[in-house]
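What follows is a single structure, written as C-alpha cells, with notes after it.
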Amino acid sequence: MRLADLSWPDVAERAAAGAVLAVPVGATEQHGPHLPLSTDTDIALALCDRLSDERPDVLVAPAVAFGSSGEHAGFAGTLSIGQAATELLLVELGRSAAETFTRLLFVSAHGGNAAPVARAVARLRAESRDVEVFQPHWDGDPHAGRPETALQLALRPNAVRMDRAVAGDRRPLGEVLPLLLNGGVRAVTATGVLGDPTPATASEGVALLDRLVVDLASRVARWCSATGSELSTPGEVVPR
Numbered sequence: 001m002r003l004a005d006l007s008w009p010d011v012a013e014r015a016a017a018g019a020v021l022a023v024p025v026g027a028t029e030q031h032g033p034h035l036p037l038s039t040d041t042d043i044a045l046a047l048c049d050r051l052s053d054e055r056p057d058v059l060v061a062p063a064v065a066f067g068s069s070g071e072h073a074g075f076a077g078t079l080s081i082g083q084a085a086t087e088l089l090l091v092e093l094g095r096s097a098a099e100t101f102t103r104l105l106f107v108s109a110h111g112g113n114a115a116p117v118a119r120a121v122a123r124l125r126a127e128s129r130d131v132e133v134f135q136p137h138w139d140g141d142p143h144a145g146r147p148e149t150a151l152q153l154a155l156r157p158n159a160v161r162m163d164r165a166v167a168g169d170r171r172p173l174g175e176v177l178p179l180l181l182n183g184g185v186r187a188v189t190a191t192g193v194l195g196d197p198t199p200a201t202a203s204e205g206v207a208l209l210d211r212l213v214v215d216l217a218s219r220v221a222r223w224c225s226a227t228g229s230e231l232s233t234p235g236e237v238v239p240r
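Below you can see the structure in the form of C-alpha cells.
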C-alpha cells in the first residue's frame, strides 16, 4: 500500500496499529545509453512495493528521486543534490515521519547515497528514533551492467533499449575504484557502463528481484522483533 494513496485518517489508523513507513531512496543519474535515468529509483520503489505486498503493516512513501550522484557528472540528465543535501533531506524527512510512525525504513538503491544515508540514520537513531536501512547488493557488474539491466528488463522492459546496450569498462571494481573516486565515472568509461549489460535477461532480473525481496523481508522481520540495541548498523558503500 502506498502512503500517498491514503487520506490522513487512514494513515493515522494504520500508524496507530504499528505500520512501518518504507521510504524508497534512489537517484536520477545516467545508467548507460540503454537504461533510464530512473533506474535506481525504480529498483528502490519496486523493493518497497514488494515488501508491502508481503507485509500489510508496511506503507510505501513517495520515492526520493534525487541523491548524491556527483560521480556521474558529465553525463546528460544526471541530477545530483550532493551528500550534504541528501543527508539533510533524509534527516528532516525522518524527523517528520517520526511524528506519525514509530518505525522508519530507508531502502536505498544507489551506492553513491550510502555515506549520507548512513550518517542520516545514525543521527536519527541518536535522537532515539527507530530507523533501519536496507541497501541491496549483488555480485557482478557495479553500474548499468548485467544485474541492473536484468532488473529493469523485469520491472520496466519498455524503458530498456537493448539495441543500445554496449559493454563498458569490465575491470574489477577494486582496480578502477581509485579512478572513480578521483575523476568520476567519466574518467573510466565514455558510455557510463561498468560491466557488460548485453547478456542480461528478464528472467535473471526476476530471480534477482526475488532474492533481494527475501533479503529485505528477512531484515525487516529481524528488525521488528529486535530491541533498539540490536538494530543493525547502516550498510557499506556499494557503488551503483
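All the letters of the sequence shown, read from the start, carry residue numbers 1 to 240 under the UniProt record's numbering. All C-beta atoms in this analysis are idealised placements derived from N, C-alpha and C, irrespective of residue type, glycine included.
May I ask which residues mark the beginning and end of the alpha helix (DSSP H) holding D141? First-last for D141: undefined, no H or E at that position.
Nearest-angstrom Cβ-Cβ length linking T201 and L35, presumed shorter than 8 Å: T201 to L35, Cβ: 15 Å. No contact.
Anticipated Cβ contact below 8 Å, P116 with E87, distance rounded: 4 Å
Could you give the distance in angstroms between the alpha-carbon of L45 and the alpha-carbon of R2? So the alpha carbons of these two residues sit roughly 10 Å apart.
Take the Cβ of A19 as the centre, count every other Cβ of all protein chains shown within 10 Å, and call the residue buried at 16 or more, exposed below. buried
Within 10 angstroms of the Cβ of T233, are there 16 or more other Cβ atoms? Answer buried if so, exposed if not. The pLDDT assigned to T233 is 45, lower than 50, so where the model puts this residue is not dependable; a value taken from the coordinates is nonetheless given after this. T233 is exposed by the Cβ-count criterion.
Exposed unless 16 or more other CB atoms sit within 10 angstroms - verdict on P157: exposed
Supposed contact pair D196 and A167 - C-beta distance, whole angstroms, cut 8 Å: 4 Å
Could you give the DSSP three-state label for D49: helix, strand or coil? helix
Euclidean distance between Cα positions of A12 and F101: 9 Å
For W223, I'd like the list of residues in its chain whose CB is within less than 6 Å of its CB, leaving aside the five on either flank, ordered along the chain. E132
I'd like to check one pair, R186 with F75: are the Cβ atoms closer than 9 Å? yes
Have a look at V23 and D49 and give me their C-alpha separation to the nearest angstrom. 10 Å
Does DSSP classify T28 as helix, strand or coil? strand
May I ask you to report which of helix, strand or coil DSSP gives D57? coil
Rounded C-alpha distance that separates G32 from A17: Going by the C-alpha atoms only, they are around 43 Å apart.
Distance check for A27 and S229, CA to CA, integer angstroms please. For S229, the predicted structure reports a pLDDT of 36, less than 50, and the residue's modelled location is therefore unreliable. A value from the coordinates is still provided. In this structure, the straight-line span from the alpha carbon of S229 to that of A27 is close to 31 Å.
Local conformation of D130 per DSSP, three classes: strand
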